[in-house]
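Visitor: Here it is, the structure in full.
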C-alpha cells in the first residue's frame with residue numbers, strides 16, 4: 347500500500363485476545379517526531395484503520411525543560427482531516443490558510459486538508475520560557491472519496507462547546523459524532539465516533555454502537571469480558587452487542603470508530619484513495635507548490651527520500 351506499511355509488521359506487536367468481542371489488541375510503536383517520542387497505534391499491517399480513523403498518535407506525557415518544547419516545522423497533508431486533542435499543555439497551530447490558533451486542553455482542532463494544506467505545530471515563547479508538560483492525542487480521518495479534494499478548512503472548538511455527560515457514573519465527553527444521547531458540534535464527513543471517558547477504579551461503561559469501534563487506554567487498565575487491556579494498548583472490538591469495559595484502576599480512555607470505509611494509501615503525511623494523487627502531492631511539495639504557512643514561512647520539513 348505504501349512505504350509506511352512496509353515497515354509496520356516488524357514494528358508492531360499483536361496480542362491474541364480470548365474475549366470473543368475483541369478482534370485484536372494493538373501495542374503501539376514508539377516513534378521520534380523530533381524532540382520527543384510518540385506512541386503510534388494506527389495504522390498497522392493488520393489493522394490500517396478503525397472506521398474513518400487511519401492514524402492514531404499518543405503524545406506524551408512529556409516534560410520539557412526551559413527552552414525546549416514541541417517544534418514541528420511546516421509540512422503538508424492531502425485528502426484527510428487532522429484532529430488534535432490535548433489532556434495537558436498547549437500547541438500553537440499555524441497553517442497555509444492563515445490560521446493562528448492556540449490549542450489548549452479540552453479543545454478540538456479540526457484541520458481539513460482536502461486538496462492540500464500545510465501547517466506547523468510549535469509552542470508560544472511564553473510556554474517554552476518555563477518548564478512545562480505536553481500530553482494529548484492526534485488522529486487523522488480519511489475523507490470520503492467525494493470529499494477528498496474539498497477546499498482546505500480549519501475549525502476550532504473550545505472546551506466549553508464539547509458536550510459532557512455522565513454515563514453509569516462515568517464522566518464522558520463526546521468529542522465527535524453521537525453517543526450516550528448527545529451529539530458533538532464538531533464537523534464530520536462520515537459517520538464518526540470519538541469519545542473520552544475517565545473511569546475510577548471499579549467503574550464500568552458500555553461501548554456505544556458503531557460499525558467499527560476500538561478503545562485506547564491512555565492511562566490505567568481495563569478489563570473486557572475477562573480480557574485485560576493495559577495502558578497504551580488499543581482493543582479493536584466487533585460491532586455486535588454492548589460491551590462492558592471495567593476499570594481495574596483509574597483510567598482515561600478514548601473510544602473511536604464509525605462507518606466502514608475503503609482502505610487508503612498512506613505515505614508520509616499524505617492519505618488518499620488514489621496512489622497517483624500521493625505521487626502528485628510529493629512532487630508538489632518538493633517543487634514548493636503548496637501554499638506557505640502564514641507566519642512560519644522560513645522553514646519546512648523536506649520530503650523523506
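Residue numbers (this note's numbering): 347 to 651.
Glycine included, every Cβ here is placed at the ideal spot set by N, Cα and C.
#1: Does residue 455 get closer than 9 Å to chain B when you measure Cβ to Cβ?
#2: Quick test of your reading: residue 639 and residue 499, contact by CB under 8 Å. State the CB separation rounded to the nearest angstrom.
#3: Go ahead and pull the three-state DSSP assignment for residue 379.
#4: Nearest-angstrom Cα distance between residue 607 and residue 411?
#5: Compare the C-alpha of residue 618 against each of 392, 427 and 370 and name the closest.
#6: Which residues does DSSP pair with residue 439 in a beta bridge?
#7: Under the three-state reduction of DSSP, which class applies to residue 403: helix, strand or coil?
#8: Roughly how many angstroms lie between the CA atoms of residue 458 and residue 578, to the nearest whole one?
#9: State the beta-bridge partners of residue 482 as determined by DSSP.
#10: Among 575, 453, 367 and 414, which has the Cα closest to the Cα of residue 472?
#11: Roughly how many angstroms lie between the CA atoms of residue 652 and residue 469, to the nearest whole one?
#12: In this structure, does DSSP put residue 623 in helix, strand or coil?
#13: Please report the residue range of the beta strand (DSSP E) in which residue 500 lies.
#14: I need the straight-line Cα distance from residue 406 to residue 574, nearest angstrom please.
#15: How about residue 429 and residue 454: are their beta carbons less than 9 Å apart?
#16: If you run the structure through DSSP and keep just helix, strand and coil, what is residue 491?
Guide: From the atom records:
#1: In summary, chain B is missing from the structure at hand, where a single protein chain is found.
#2: Within the chain shown, the letter at position 293 stands for residue 639. Within the chain shown, the letter at position 153 stands for residue 499. Incorrect: roughly 15 Å between the Cβ atoms, too far for contact.
#3: Within the chain shown, numbered from 1, the residue matching residue 379 stands at position 33. DSSP places residue 379 in the coil class of the three-state scheme, outside both helix and strand.
#4: Within the chain shown, the letter at position 261 stands for residue 607. Within the chain shown, the letter at position 65 stands for residue 411. Across the structure, residue 607 and residue 411 are spaced so that their CA atoms are roughly 42 Å apart.
#5: Reading the chain shown from its first residue, position 272 is the one you call residue 618. Among 392, 427 and 370, the Cα nearest to that of residue 618 belongs to 427.
#6: Within the chain shown, numbered from 1, the residue matching residue 439 stands at position 93. 447 and 467, per the DSSP bridge assignment.
#7: Indexing the chain shown from 1 puts residue 403 at position 57. Here residue 403 sits in strand by DSSP.
#8: In the chain shown, residue 458 corresponds to position 112, counting from 1. In the chain shown, residue 578 corresponds to position 232, counting from 1. CA-to-CA, the gap between residue 458 and residue 578 works out to about 27 Å.
#9: As a first step, residue 482 must be located in the chain shown, where it is residue number 136. Beta bridge pairing from DSSP links residue 482 with 405 and 432.
#10: Translated into positions along the chain shown, residue 472 becomes position 126. Residue 472 has its Cα closest to that of 414, out of 575, 453, 367 and 414.
#11: Outside the shown range of the chain, which is 347 to 651, sits residue 652, and nothing can be said about it.
#12: As a position in the chain shown, residue 623 is number 277, starting the count at 1. Looking at residue 623 - three-state DSSP - the assignment turns out to be helix.
#13: Here residue 500 refers to the residue found at position 154 when the chain shown is read from its first residue. Unbroken beta strand (DSSP E) run through residue 500: 499-503.
#14: On the chain shown, residue 406 is found 60 positions in, with the first residue counted as 1. On the chain shown, residue 574 is found 228 positions in, with the first residue counted as 1. Cα to Cα, the separation comes out at about 23 Å.
#15: Sequence index remark: in the chain shown, residue 429 carries index 83 (1-based). Sequence index remark: in the chain shown, residue 454 carries index 108 (1-based). Yes, Cβ-Cβ distance for residue 429 and residue 454 is below 9 Å.
#16: Taking the first residue of the chain shown as 1, we reach residue 491 at position 145. Residue 491: helix per DSSP, three-state reduction.
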